[in-house]
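Chains as they are written, first to last, in our numbering: chain A, 810 to 1300; chain B, 810 to 1300. A virtual CB, placed ideally from N, CA and C, is assigned to each residue, including glycine.
Protein chains: 2
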Amino acid sequence: MAKVLASKDSDYAQWYNDLVIKADLAENSAVRGSMVIKPYGYAIWEKMQAELDRMFKETGHVNAYFPLFIPKSFFSKEASHVEGFAKECAVVTHYRLKNDPNGKGVIVDPDAKLEEELIVRPTSETVIWDTYRKWIQSYRDLPIKINQWANVVRWEMRTRLFLRTAEFLWQEGHTAHASKQEAIEEAETMLNVYATFLENFMAIPVLKGIKTESERFAGAVETYCVEALMQDGKALQAGTSHFLGQNFAKAFDVTFATKEGTNELVWATSWGVSTRLIGALIMTHSDNNGLVLPPKLAPHQVVIVPIYRKDEEFEKVDAAAKDIVQKLRAAGISVHYDNRDTHKPGWKFNEYELKGVPVRIAIGPRDLEKQQVELARRDTLEKSFQPMEGLTGVIADILEQMQTSLLERARKRTQDGTYAVDTWEEFTEAVKNRGGFIKAHWDGTAETERIIKEKTKATIRCIELDAPEEEGVCVFSGKPSKRRVVFAKAY
Amino acid sequence: MAKVLASKDSDYAQWYNDLVIKADLAENSAVRGSMVIKPYGYAIWEKMQAELDRMFKETGHVNAYFPLFIPKSFFSKEASHVEGFAKECAVVTHYRLKNDPNGKGVIVDPDAKLEEELIVRPTSETVIWDTYRKWIQSYRDLPIKINQWANVVRWEMRTRLFLRTAEFLWQEGHTAHASKQEAIEEAETMLNVYATFLENFMAIPVLKGIKTESERFAGAVETYCVEALMQDGKALQAGTSHFLGQNFAKAFDVTFATKEGTNELVWATSWGVSTRLIGALIMTHSDNNGLVLPPKLAPHQVVIVPIYRKDEEFEKVDAAAKDIVQKLRAAGISVHYDNRDTHKPGWKFNEYELKGVPVRIAIGPRDLEKQQVELARRDTLEKSFQPMEGLTGVIADILEQMQTSLLERARKRTQDGTYAVDTWEEFTEAVKNRGGFIKAHWDGTAETERIIKEKTKATIRCIELDAPEEEGVCVFSGKPSKRRVVFAKAY
């Protein structure tokens, strides 16, 4: 097979981009930084959405929808939020076009200028807290636990498909609580929901931690995060959950009457994951032959390719294939039967390998005689012959094994890539040549963090929630430190 | 109960608005014309989405996602499309804000002006056909049958919650075909999907027809539509399906190599329904007490309200209620058990009546003694006592009856409101005083259509697909006509 992807080892970034394009996941559009999510990529997102949505509802959340546009003035209300978000964003200034008097298409109608410009939401805290003010009067109105599935826009200068795009799809949860404790518990619960989803469905092991002050979400008191290690040794922030304290309640004047009759500011959280997760999925499992998908998120878990020369052969093979399709579907296994006569079996094999279909079944006349099929497993690339009798059970087992084994493989890689260093020399050497999650002591100052980032491009990914207390000295400044933090270069 | 809604008979528009607000469906936001869809309203939309999405997939469609922003120049490419769509729309001109040098919040950075303005999509034909050009080379690449769930923006001057908002949620299908016949069949198939969904799930009977040239979608060769009659005698366009001919293929240069080796322009359709359907749902079934929901779309089909004074009473009632909850859920019936002690039963009764929960169950100590519950049916407002034994079956039957009976009731109302008139005097009188679907002869000219609209505000809603041939004379011009068309005032 002619390799259609750049090699992972020689050019990881090019391999990634080739894979996204060739596996039909997404492509760039005519608008700079905005991608088209193609049906196959979107089908993976739908699987992820369905599962997350179920988990959100099980933890007591409901969905709603808030406006795309946010008045510019809203961004000035929360001091740190404006710094973090209101800068690189799409600004709507007019509401009408008109015919060009010179006959050259359409132009913006200067008479249709908005009194106040509208910002296309980069995140929705402001518009939501402006709304919550009207919904919350007393403790009886709390908690509010709402999630929104939406598109957001951040005017990124350097974009990469799924990882960083001007427009992306995401979910954003926004909750309101009567007590600080309850809000912190909510932020932690949602962090755990993300970690569980990533491990159990995406087969991606994560570190759970909190961000340093400089890496915190603009407007948050505490930012919790899940961080994953990609194949090339770089970290990817997979999801964040923020304890917002009373910052947005203060900015938007949202108070409630307590049971005791006093009036207090409401406590808040917000949390989100985005289509960026598809990038994490690719960079955790895929190989030089293409995408590798955990069975729980594969649009098709099984593909069946018929092998035949003559029409009589096709008839028999077709009947056997349809029988397998029916049995697999009855067992709740999703299957695609590719009986197109416009493409050869070899082409189809490559195609489904590229697209990461977990199990490929081929059936030809000789297989029929032997009452067997050829089964290829995408993660290991192993091929075997399997009897038709009991095939459904065999496939169900393989899918389950594959789901587990992908997580184990990723976990081993992450563990191997996680290590401690103690000196500045070791540290710089580690960042430069080895990559991975580097556990090192840090003196706790934003200044040291900044210098380390400038010198090495490594950032503090998180302070792990379960980081043990350990006396040490900062890898850069030599000042005392009470625990190690996790450094890495990151996407 | 203090009436919380304006009376339907005295002020239908106010009643509608009151209901949307009080039943917690949606509300206006700080951005003119943009609504917040509240959790209860959004839950109805989710039910509708789930069903439509299933129907789209069953008819061979897949989902994808295209960019929110469309370059301004794209709108000039299809001549009639620019007239219809590129006018009242949100225009992004800048991509950055900066701190006001005078310290007054943030201002638009004049240095961050886009070279070409971006339009927030009012509909996506242009950006999608620009993409399809890259996807389509040969007949092997066809058909493409894609649907998108998305938000769109049209800068409406007069907005009404759900019925006409600047931003709304919808689905838009965009398909590409190798032959004219196949594209026409697709447009008709999707019209039928909409009609089936409206009748079987929303319990809304519809007329199926085609639009006149002046009411056609900008860029379409034929616009098919489903039209429903609201309680106040006005029509509402519930969904449209367009046969676009080769117009967009021509505008975006999308051709394909045929089997025979020639090169031809691709044939297109597009079709959509939006959150406007929630307005149709309200104005088809609801009453002066609030929302009435067809059971298939109700977020909760059953609500249980416990009645008690003392704690010991609550314990017993609570146990019985939980038992019912479990049995209903096991039977696939969605149920909400409202055991809050912060609200009285009477308040809850009103609340769930307002929100249109199909079946309300109340259980008190006396009911327990008699092993019965009180059951209130939302559509008829009938109350009855039902034995606990076999309650699940009784409720399942009632829900099924209610779904059918709501459709029948709406069908009868629509039939009673559909009638023929033959003279101009009858016509103007009918439009003015009776409303409804008025079947009248029309001479087929846009000029007559325009004058009738000016004089009466009635428009031709559709030419029914099954309209029988019938010789007659135009109700306005007296010129000959071959069939009646359907006039109405419309939302």
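Residue nearest to residue i in terms of C-alpha spacing, selected from the options
i: Tyr-1117(A); options: Pro-1154(A), Tyr-1300(A) and Tyr-1003(A); result: Pro-1154(A)
i: Leu-1137(A); options: Gln-858(A), Asp-1150(A), Met-864(A) and Ala-1205(A); result: Ala-1205(A)
i: Ser-885(B); options: Phe-865(A), Val-936(A) and Leu-906(A); result: Leu-906(A)
i: Phe-1061(B); options: Trp-938(B), Cys-1034(B), Arg-963(B) and Arg-967(B); result: Trp-938(B)
i: Tyr-851(A); options: Ala-1044(B), Asn-872(B) and Leu-1007(B); result: Asn-872(B)
i: Lys-1157(A); options: His-983(A), Ser-1193(A), Phe-1194(A) and Val-1112(A); result: Val-1112(A)
i: Asp-918(B); options: Ala-815(A), Val-1168(A), Ala-899(A) and Asp-1096(A); result: Ala-899(A)
i: Asp-1231(A); options: Arg-1293(A), Lys-856(A), Lys-1105(A) and Glu-1122(A); result: Arg-1293(A)
i: Ala-1027(B); options: Ala-888(B), Met-864(B), Glu-997(B) and Lys-989(B); result: Ala-888(B)
i: Gly-1199(A); options: Ala-1171(A), Ile-1133(A), Lys-1264(A) and Val-1240(A); result: Ile-1133(A)
i: Tyr-1146(A); options: Asp-909(A), Thr-1254(A), Trp-944(A) and Ala-1171(A); result: Ala-1171(A)
i: Glu-1036(B); options: Ile-916(B), Tyr-904(B) and Arg-1220(B); result: Arg-1220(B)
i: Phe-1123(A); options: Glu-1238(A), Ser-1050(A) and Asp-1176(A); result: Asp-1176(A)
i: Glu-965(B); options: Thr-1151(B), Ala-959(B) and Arg-973(B); result: Arg-973(B)
i: Gly-1048(B); options: Tyr-849(B), Ile-853(B), Asp-827(B) and Arg-1025(B); result: Arg-1025(B)
i: Leu-1045(B); options: Lys-1017(B), Asn-1056(B) and Val-1030(B); result: Lys-1017(B)
i: Asn-908(A); options: Leu-978(B), Gln-823(B) and Lys-881(B); result: Lys-881(B)
Simplified DSSP state of residue i, which is helix, strand or coil
i: Val-1063(B); result: coil
i: Pro-1289(B); result: strand
i: Phe-883(A); result: helix
i: Tyr-1146(B); result: strand
i: Pro-848(B); result: helix
i: His-1109(B); result: coil
i: Trp-1251(A); result: coil
i: Glu-1036(A); result: strand
i: Gln-990(B); result: helix
i: Pro-1115(A); result: strand
i: Gly-1281(B); result: strand
i: Tyr-821(B); result: helix
i: Tyr-874(A); result: strand
i: Val-813(A); result: coil
i: Val-1295(B); result: strand
Contact set for residue i: own chain, Cβ-Cβ below 7 Å, skip 5 residues either direction
i: Met-810(A); result: Its pLDDT being 48, under 50, Met-810(A) is placed unreliably in this model, and the coordinates cannot settle the point.
i: Phe-1285(A); result: Trp-1233, Thr-1257, Ile-1260 and Ile-1261
i: Ser-947(A); result: Phe-1065 and Ala-1066
i: Ile-993(B); result: Phe-1052
i: Cys-1283(A); result: His-1250, Trp-1251, Asp-1252, Thr-1257 and Ser-1290
i: Lys-1020(B); result: Thr-1032, Cys-1034 and Cys-1271
i: Phe-971(A); result: Val-829, Ala-835, Thr-1084, Arg-1085, Ile-1087 and Gly-1088
Paired residues, beta bridge with residue i - DSSP
i: Arg-1025(A); result: In DSSP, Arg-1025(A) forms no bridge with anything.
i: Lys-1020(B); result: In the DSSP output, where bridge partners are listed per residue, Lys-1020(B) has none listed.
i: Ser-1095(A); result: Beta-bridge pairing links Ser-1095(A) to no other residue.
i: Pro-910(A); result: DSSP, once it has assigned bridges, lists no residue as partnering Pro-910(A).
i: Gly-1048(A); result: Val-1035(A)
i: Tyr-1228(B); result: Ile-1247(B)
i: His-983(B); result: Ile-955(B) and Ser-1079(B)
i: Ser-947(B); result: Ala-1066(B)
i: His-903(B); result: Val-900(A) and Lys-922(B)
i: Pro-1196(A); result: Gln-1181(A)
i: Leu-927(B); result: Pro-880(B) and Val-901(B)
Proximal residues to residue i (C-beta, below 8 Å), its chain only, five neighbours per side dropped
i: Asn-1148(A); result: Pro-1115, Asp-1127 and Ala-1130
i: Arg-942(B); result: Phe-1061, Asp-1062 and Val-1063
i: Gln-1180(B); result: Pro-1196, Met-1197 and Glu-1198
Environment of residue i [buried if 16+ CB atoms lie within 10 Å]
i: Thr-1189(B); result: exposed
i: Glu-995(B); result: buried
i: Gly-1088(B); result: buried
i: Phe-883(A); result: buried
i: Thr-1223(B); result: buried
i: Ser-1193(B); result: exposed
i: Arg-963(B); result: buried
Heavy atom of the ligand PLP within 8 Å of residue i beta-carbon
i: Ile-1272(B); result: This structure does not include the ligand PLP; it has no bound ligands of any sort.
Neighbourhood of residue i by C-beta distance below 6 Å, restricted to the same chain and skipping five residues each side
i: Met-1211(A); result: Pro-1104, Pro-1167 and Asp-1188
i: His-983(A); result: Ile-937, Ile-955 and Ser-1079
i: Ala-921(A); result: His-903, Tyr-904 and Arg-905
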